[in-house]
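Chains as they are written, first to last, in full-length UniProt numbering: chain E, 1 to 211; chain A, 1 to 296.
From the three backbone atoms N, C-alpha and C, an ideal C-beta is built for every residue, glycine too.
This report refers to the structure that appears directly beneath it.
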């Protein structure tokens with residue numbers, strides 16, 4: 001979610017914004033500073049003047065709406081691409097959820113409530129979801145999620161796709177997803193905002209290598 | 001009762017009546033007349049399955065007159081289920097944008113019709129709503145709502161405010177609405193979705209506490225907002241997307257005295273034409289649901 005907002009800010013040429021990197025491991029997302037801006041104690045916490053937008057999709061939609069005429073256009077004019085953009089954007093939330101259910105299982109579920117059957121089911125669900133996205137990228141001709149141009153769908157979903165590869169998803173098994181992931185890696189807005197902790201350790205855990 | 005008077009007539013019979021007789025109201029006067037809130041002249045495409053009376057407004061427009069919104073809507077198809085907040089969102093948006101006469105089919109979750117071939121063809125996820133405009137598929141309710149407002153900006157009611165502060169608030173509440181919806185779903189569906197061997201009282205308790213905290217947060221939001229709508233002074237996509245969930249929570253008997261601002265919002269918008277016109281038909285027969293949430 002944080003990365004989405006940063007990509008959107010870069011795409012709209014909004015540089016020089018105040019920003020602070022906080023550590024989840026040190027529970028800084030529950031600090032007073034964050035709680036003041038986001039009572040949910042979650043990141044990102046984003047503000048423009050007195051307008052608070054702590055939901056990453058809300059921030060991205062707001063930025064494109066308000067800064068339409070600067071930077072790159074993130075909402076296509078073509079109705080077919082527009083519809084595809086919105087559809088993929090919101091399906092991206094499902095991908096994120098299924099990914100989180102697998103990757104964060106042990107943090108979210110108390111020890112006494114964990115079951116191998118649940119872990120298995122979550123993995124199967126994520127596998128089916130990833131296969132669906134591989135299919136989407138086979139069908140799309142333009143190289144981007146909505147079609148021929150980079151859009152809010154890519155802003156919102158790319159970070160998640162990057163995440164699954166960071167956790168070891170097999171590139172040979174999902175060639176279209178891998179091609180998309182590799183192709184966008186060097187896009188300026190994405191390169192400029194890539195998670196700093198991943199730069200030190202580009203290959204994270206291999207939790208998803210068998211998916 | 002509801003729907004009995006018309007549902008036995010086949011689609012073809014109804015169409016013949018309309019095309020040939022040029023009668024004003026025809027034989028299809030709605031049984032629950034208080035849900036008829038508009039008197040626009042338009043020609044409805046008739047649904048495939050038997051349906052509730054307030055969609056049977058069978059007007060015969062003067063010959064040659066076809067409203068642009070009707071032409072647009074003819075290319076739209078919605079597969080939906082009664083009582084599903086995501087389906088309801090899309091229907092409210094269509095009403096707000098004056099998009100009438102779209103093809104629609106009411107399907108039954110109980111009969112697993114959401115997994116039927118017809119649905120799977122339009123939505124491989126086997127979920128409702130499944131919505132299409134021409135060859136553009138929008139099965140995510142938020143995607144459909146945003147698309148409709150973007151494409152039909154100049155007709156019906158404006159659903160995205162111009163004021164930046166209201167706009168920001170609209171997007172923020174819209175997206176937070178997904179959290180509210182998810183927590184509600186987690187609470188309501190625990191018993192069906194979680195296999196027997198994986199159920200835990202501790203999980204039920206935690207899910208209920210999470211929903212309670214979420215509802216309190218929304219009560220707080222409505223205390224702070226001065227305009228009466230989620231984004232401020234005007235009805236917006238935030239209301240389109242979140243109202244159905246709030247309505248569902250009260251249907252499950254959330255205590256109105258304990259959450260007065262939420263209750264006021266819920267009651268105030270109940271009679272908004274777009275909301276009244278698209279009210280889940282199965283809830284009309286049975287307005288009071290189970291009291292799952294009365295202790296929240």
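No residue range can be given for residue 23 of chain E, since it is assigned to no beta strand (DSSP E) and is classified by DSSP as neither H nor E. Of E/155, E/135, E/118, the smallest CA-CA separation from residue 196 of chain A is found for E/118.
Residue pairing from DSSP leaves residue 91 of chain A without any beta-bridge partner. Under the Cβ criterion of 7 angstroms, residue 127 of chain A is not counted among the residues facing chain E. A Cβ of chain A is located within less than 7 angstroms of the beta carbon of residue 55 of chain E. Considered as a whole, the region 110 to 155 of chain A harbours 117 to 122, 141 to 151 as its complete alpha helix (DSSP H) runs of no fewer than 4 residues, in chain order. Residue pairing by DSSP puts residue 48 of chain E in a beta bridge opposite E/51. Residue 200 of chain A carries a coil assignment under DSSP once its states are collapsed to helix, strand and coil.
Residues of the region 77 to 107 of chain E whose Cβ lies closer than 9 angstroms to any Cβ of chain A, in chain order: 79, 80, 82, 83, 84, 85, 86, 87, 88, 89, 90, 91, 93, 94, 97. For residue 198 of chain A, the chain E residues whose Cβ falls inside 7 angstroms of its Cβ are 115, 117, 118, in order along the chain.
Across the structure, residue 73 of chain A and residue 102 of chain A are spaced so that their CA atoms are roughly 5 angstroms apart. In chain order, 200, 202 make up the part of chain A whose C-beta sits under 9 angstroms from the C-beta of residue 112 of chain E. The CB of residue 51 of chain E comes closer than 9 angstroms to the CB of 164, 165, 167, 168, 169, 172 in chain A, given here in chain order.
Residues of the region 71 to 96 of chain A with a C-beta less than 7 angstroms from any C-beta of chain E: none at all.
Linking residue 191 of chain A to residue 112 of chain A through their CA atoms gives a straight-line distance of about 18 angstroms. Every alpha helix (DSSP H) stretch that sits fully inside the region 53 to 104 of chain E and reaches 4 residues is listed by chain position as 56 to 66, 79 to 103. With respect to residue 130 of chain A, residue 120 of chain A sits apart: the two C-beta atoms are not nearer than 7 angstroms.
For residue 78 of chain A, the uninterrupted beta strand (DSSP E) segment begins and ends at 76 to 81. Around the Cβ of residue 154 of chain A, a 10 Å sphere holds fewer than 16 other Cβ atoms; the residue is exposed. Residue 94 of chain A sits buried, since 16 or more C-beta atoms from the chains shown fall within 10 Å of its C-beta. Counted as a single uninterrupted DSSP element, the stretch harbouring residue 270 of chain A is not any alpha helix (DSSP H), since DSSP gives it neither H nor E. Taking the Cα positions, residue 92 of chain E is about 17 angstroms away from residue 122 of chain E. Closer than 7 angstroms to the CB of residue 61 of chain E there is at least one CB belonging to chain A. For residue 58 of chain E, the nearest beta carbon of chain A is closer than 7 angstroms to its own beta carbon. For residue 233 of chain A, not one C-beta of chain E is nearer than 7 angstroms to its own C-beta.
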